[in-house]
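Notes to accompany the following structure.
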């Protein structure tokens with residue numbers, strides 16, 4: 555460990571970086587070997603024949619035109635719409651009106667207040683004093699800004715990370731990111747299933763079908779999750795959930 559720190563703190567490579575520049579990439583000593591002159595030869599634009607290359611380019615142009623048409627069509631998934639909406643409200647206090655089938659049948663509606671804390675692929679996490687709340691985008695009917703002048707929360711940044719961690723992240727991106735829920739969220743966003751897997755063993759209160767159930771999350775499946783109550787376990791379909799409250803210890 556000390557050897558790595560010495561490399562990070564003492565090694566400089568004047569040929570590529572000024573001697574007085576800080577090493578923010580944990581550059582190892584062997585990264586600057588003596589250059590060996592190599593002959594340079596021109597290479598063809600492609601390994602394909604001219605006819606094959608023309609066919610590939612024509613196919614690429616067709617695909618690009620299709621993607622452009624889709625991008626300009628104005629047809630957007632609800633998840634994408636709410637994801638962008640909540641992205642612009644991170645750190646803000648909001649009131650979210652929920653679209654729950656059981657309440658609609660009774661002519662009622664349910665609203666949840668809280669501060670937008672985390673925006674996943676298909677859900678939002680609202681921070682509150684007593685309990686945080688998970689809401690799927692499918693259940694969102696309306697979003698209202700509670701405090702127009704609230705200061706937004708600062709976003710996660712990777713500017714000031716450890717140089718050696720920056721190097722590992724660059725050269726072993728998949729391995730490093732896949733082992734950290736925070737990095738998965740930062741680069742790709744978590745979906746609700748993955749987020750619930752991080753909450754296994756935690757106590758939650760689930761609102762569904764006009765009633766509430768309290769228990770510890772013990773299993774998470776593709777379309778459902780299981781909570782353990784005092785005397786039994788109950789598997790809950792995701793589509794039946796109105797909201798999930800995370801009870802603070």
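Numbering (the numbering used here), first residue to last: 555 to 803.
Glycine residues also receive a C-beta, built at the ideal position from the N, C-alpha and C atoms.
query, result
"Whole angstroms are fine: how far does the CA of residue 727 sit from the CA of residue 559?", "A caution first: residue 559 carries a pLDDT of 48, below 50, which makes its placement in the model unreliable, though a value can still be read off. Approximately 22 angstroms, taken between the alpha carbons."
"Expressed to the nearest angstrom, what Euclidean distance is found between the alpha-carbon atoms of residue 777 and residue 793?", "8 angstroms"
"Please report how far the alpha carbon of residue 773 lies from the alpha carbon of residue 756, in whole angstroms.", "11 angstroms"
"Here's the rule I'm using: 16 or more other beta-carbon atoms within 10 Å means buried, otherwise exposed. How should residue 642 be labelled?", "exposed"
"Taking the beta strand (DSSP E) that residue 677 belongs to, which residues open and close that run?", "677 to 681"
"Can residue 730 and residue 740 be called in contact, C-beta distance under 7 angstroms?", "no"
"Determine the extent of the alpha helix (DSSP H) in which residue 731 is found, giving its start and end residues.", "727 to 732"
"Residue range of the beta strand (DSSP E) that residue 768 falls in?", "765 to 774"
"Could you give the residue range of the beta strand (DSSP E) that holds residue 686?", "685 to 690"
"Measure the Cβ-Cβ separation of residue 650 and residue 617 and say whether it is below 7 angstroms.", "no"
"Which same chain residues, not among the five before or five after residue 685, have their C-beta less than 8 angstroms away from its C-beta?", "759, 799, 800, 801 and 802"
"Since residue 669 and residue 681 are thought to touch, with beta carbons under 8 angstroms apart, how far apart are those beta carbons, to the nearest angstrom?", "5 angstroms"
"Can you tell me where the beta strand (DSSP E) with residue 781 in it begins and where it stops?", "778 to 782"
"Could you give the residue range of the beta strand (DSSP E) that holds residue 646?", "Note, residue 646: premise wrong, no beta strand (DSSP E); not H, not E."
"Enumerate in chain order the residues of its own chain whose CB-to-CB distance from residue 767 is below 8 angstroms, with the five nearest sequence positions on each side excluded.", "759, 760, 781, 783, 788 and 790"
"Among 646, 644, 577 and 666, which has the Cα closest to the Cα of residue 654?", "666"
"Would residue 601 be called buried (16 or more neighbouring beta carbons within 10 Å of its own) or exposed?", "exposed"
"Go ahead and label residue 592 buried or exposed: buried means 16 or more other beta carbons lie within 10 angstroms of its beta carbon, across all protein chains shown.", "exposed"
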